[in-house]
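Here's the structure, in structure tokens; my notes come after.
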Amino acid sequence: MMIPLLFATFLVNFPQQLAQSDVNNGLITVVMVLGASVLPIGFAAGPRYVPKWKKQACEIPASQHPNSHYICDEAGEVKCLPGWTGDLCDVPICRKGCDPLQGYCRRPGECRCKLGFYGELCDKCVALPGCQHGRCNVSFECSCDPGWKGMFCSEPVCAPDCLSSQGYCEKPGECR
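Numbering (mature numbering (1 follows the signal peptide of the UniProt record, and there is no 0)), first residue to last: -19 to -1, 1 to 157.
Right, dumping it as structure tokens:
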């Protein structure tokens, strides 16, 4: 069986700390597995590409970039200010421990909670409003404590055979 391949030129950014065994005479070898076939692919290790905007950003004085979150080093390269990251230095680094799925930040070091979550690190969920004897595992849910049932965990679980004997209960496990 032949596997059709399309060859193209593309740029790949590899981590700067490639092990020496990964680089052989300026050629980086990556192994690609296609089904049962193994295809080694070589990449030439060359100078790192610097986007045009980064070069231009350092050619203009910083005073003309009032909202910038970067500085330019002596080599003319953009370096993000502390608390900022991303290619454009426009992504704030949230408070350490801020839940990445339930929280976000607009400025470095803060942790704002998305709808349905609260707490300093947005690690607590908001239970369904009206939940009485329960808690949430997921936002806007009411997971009942033992002995309670119903949408709002407001109905006690009666003793076995209580309902079949026309009884009722006001607390879990009892029968009247």
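Backbone N, C-alpha and C define an ideal beta-carbon position, used for all residues, glycine too. Since this is a predicted model, take the numbers as computed values, not measurements.
Nearest-angstrom beta carbon gap, residue j and residue i [assumed within contact, 8 angstroms]
i	j	result
Cys70	Glu58	Rounded, the Cβ-Cβ distance is 12 angstroms, inconsistent with contact.
Cys123	Cys134	5 angstroms
Asp80	Cys106	So it is not a contact: roughly 10 angstroms between Cβ atoms.
Own chain residues within Cβ distance below 6 angstroms of residue i, not counting five before or after
i	result
Cys139	Cys150 and Cys156
residue 159	Absent from the model: residue 159. The displayed extent of the chain is -19 to 157, so no value can be given.
Glu136	Lys130
Gly111	Phe133
Cys75	Cys86 and Cys92
Three-state secondary structure (DSSP) of residue i
i	result
Ser146	helix
Arg116	strand
Val59	strand
Cys53	strand
Glu136	strand
Lys106	Position check: residue 106 holds Cys in this sequence, whereas Lys was assumed. Strand, per DSSP.
Lys77	coil
Arg93	strand
Asp3	Confidence at Asp3 is low in this model, with a pLDDT of 42, below 50, so its placement is unreliable and no value can be given for it.
Phe121	coil
Gly84	strand
Lys130	strand
Outcome for residue i when other beta-carbon atoms lying within 10 angstroms are tallied against a minimum of 16
i	result
Ser49	buried
Phe98	buried
Gly115	buried
Gly154	exposed
Gln147	exposed
Leu20	Any reading at Leu20 needs caution, since the residue's pLDDT is 49, under 50, leaving its predicted position unreliable; the model's value is listed next. So Leu20 counts as exposed.
Ala56	exposed
Gly90	exposed
Gly84	buried
Leu82	exposed
Same chain only: Cβ atoms within 8 angstroms of residue i, ignoring 5 sequence neighbours per side
i	result
Arg87	Pro73 and Arg93
Tyr51	Ala38, Val59, Lys60, Cys61, Leu62, Trp65 and Cys70
Gly100	Cys94
Gly67	Cys61
Cys125	His114, Gly115, Gly131 and Cys134
Cβ-based neighbour list, residue i, same chain, cut-off 7 angstroms, excluding 5 preceding and 5 following
i	result
Gln(-3)	Confidence is the limiting factor: at Gln(-3) the pLDDT is only 38, short of 50, which leaves the residue's position unreliable and the question unanswerable from this model.
Arg127	The amino acid occupying residue 127 in the given sequence is Pro; Arg does not appear at that position. The answer is none, since no qualifying residue turns up.
Asp152	With the sequence shown as reference, residue 152 is identified as Lys, and Asp is not the correct amino acid for it. The residues are Pro137.
Phe121	Gly97, Val107 and Leu109
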